[in-house]
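Residue 1073 in my numbering sits at position 133 of the sequence shown, and the numbers go up by one each step.
Where is the CB? At the ideal position from N, CA and C, for every residue including glycine.
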Amino acid sequence: MDSLDRVPAEYREKVRAPEIKGLEGLPESVHGAFWKLPEQMKKRIFPENFRPVSESGGSNKGGLEDVVAGFDTETRERFSAHCLSEVFYHGRFKEVFEKVDGVRIKEEIIRLLDLFWSNRGKGDQFILFNKGYYENFFKVRCTLEEAVIRQQKVVDELKDFISKNPKKRRLVEKKNIERRTAEGLLAELKEDLMVFDNRNENSEFDFLTISKDVKSRQRRESEWTAVLTITVEYLDADEYATVVFERLEGLFYFEKNVFKGQFRKASEDEKLRAEKTITALKDAVNEWFSVHEGEKSFKSSNVVKLEERQEKMIEYFHALIASYLRGKKIGKSNNDLVVEIRQMEVLLNLLEKHKK
């Protein structure tokens, strides 16, 4: 991932300075990206007469579409590449591809290309790459959880009977035997559920205190797929195939370098795997493009002059601030607002690259 993505540590130190009007309450990463801007751009974003962004308002979708439509080709491709990286990360695409062989990798990449291309024009009805996995996960987990609940009810009823009938000794002894058996089965069912959750990394927090349960991963993949869908609508088949290929090359960074012979310590198995993976990647993109070559973008761009493009980006940045503050006001954490945060960072980085 390139310089659009993460803010260097040296800029985060500047956050300790007094907050600039307009940036109050925003994450350090946004402050860091803002400090990278030239003074003139900072003043354009927050002029002297700037009023704090209203927290009221609805969806940011229209603002994003205006911004993307006004991008020049290079900027649009950079923004699309960033969105793809986020979808790949939250959808754990690398893990998906690592579980299949070379032939299946090619099939999965073509499925990916077809899916994001076919999502154009579907609005909020887009389909997630991991849709099948999520549906199966929640179906199986629901079955396991219901079994635990039913068995817990059996145990509770036995305990209740025993506590209310202390004088019925023989019957109580019998019920105690039943209780112990029921508790043993309950422990087994809970273990099955725990093993299933562990296998799917369905825990509330990881070592970075970032929520990583399956429901959160699904939500984040969905949020970024929504943003990606809007950007892909303004790419033609050539631009789209190029962006996807470059992002997948980044995803398979290790395999690409092993394939090129840059990791001499790679094992023979790693070399074979790398060759199959990179060959499958190239073949998949070439095969997809041979079918879609010449297809135009779903929506026509409206490329505007640099200054107007910057103004649209600034307006959308303000809208994202409002969305972020609305979320914080109702108790959402930064983990819940990661899409707004990351888009703010990217917009500021794009504005920094447009400084000349």
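Close Cβ partners of residue i (< 8 Å) along its chain, the five nearest in sequence each way excluded
i     : result
K1300 : The first residue shown for the chain is 941 and the last is 1296, placing residue 1300 beyond what the model contains.
F1238 : R1060, G1061, V1172, E1173, Y1174
Q1091 : A1122, L1125, L1126, L1129
Q1158 : L1068, N1070, Y1074
Contact check, residue i vs residue j, beta carbons under 7 Å
i     : j     : result
A1220 : F1199 : no
M1284 : L1265 : no
I1050 : A1224 : yes
L1133 : L1212 : no
I1170 : L1004 : yes
E1235 : A1177 : yes
F1019 : L1288 : no
F1101 : K1115 : yes
P978  : N1274 : no
E1048 : W1164 : no
L1007 : Y1256 : Residue identity check: residue 1007 is Val in the sequence provided, not Leu. Yes, they are a contact pair.
M981  : L1291 : yes
G1010 : K1252 : yes
L1191 : K1034 : yes
Where residue i sits in the DSSP three-state scheme
i     : result
A1021 : helix
Q1202 : coil
Y1073 : helix
D1153 : coil
S1143 : coil
S1273 : coil
G998  : With a pLDDT of 48 at G998, under the threshold of 50, the modelled position of that residue is not reliable, and no figure is offered here.
N1289 : helix
L1148 : Bear in mind that a pLDDT of 45 at L1148, under 50, signals an unreliable position, so the number given afterwards is only what the model happens to contain. In the structure shown, L1148 sits in coil (DSSP, three-state: anything other than H, G, I, E or B).
I1045 : helix
Y1264 : helix
N1067 : Reading off the sequence, residue 1067 comes out as Ile, not Asn. Residue state, collapsed to three classes: coil.
F986  : coil
V1040 : coil
F1056 : helix
Q1283 : helix
E1173 : coil
V1278 : helix
G965  : coil
Minimum C-alpha distance to residue i - residue among the options
i     : options                    : result
E1189 : E1210, L1024, N1274, L1111 : L1024
I1089 : K1155, E1118, K1130        : K1130
V1052 : V1244, E1005, V1184        : In the sequence under discussion, the amino acid at residue 1052 is Leu, which differs from the Val named in the question. Comparing Cα positions, the closest option is V1184.
N1226 : E964, F1028, D1054         : D1054
N1070 : E1014, S1058, H1030, K1093 : H1030
D1137 : F1077, R1204, V1008        : F1077
S1263 : E988, Q1158, L1277, G1010  : L1277
R1081 : V970, K983, R1139          : R1139
F1056 : L1168, K1039, K1079, E1014 : L1168
V970  : I1270, K1272, H1258, G1271 : H1258
Close beta carbons around residue i, own chain, < 6 Å, minus the five adjacent residues each side
i    : result
I985 : I1254
Residues near residue i by beta carbon distance below 7 Å, same chain, minus five either side
i     : result
L1098 : K1115, E1118, R1119, A1122
R1282 : E1026
F1229 : A1177, A1181
Length-filtered (4 minimum) alpha helix (DSSP H) runs lying within the region 1187-1259: 1193-1199, 1208-1232
Whole runs of the alpha helix (DSSP H) within the region 1070-1145, excluding any shorter than 4 residues: 1071-1104, 1109-1139
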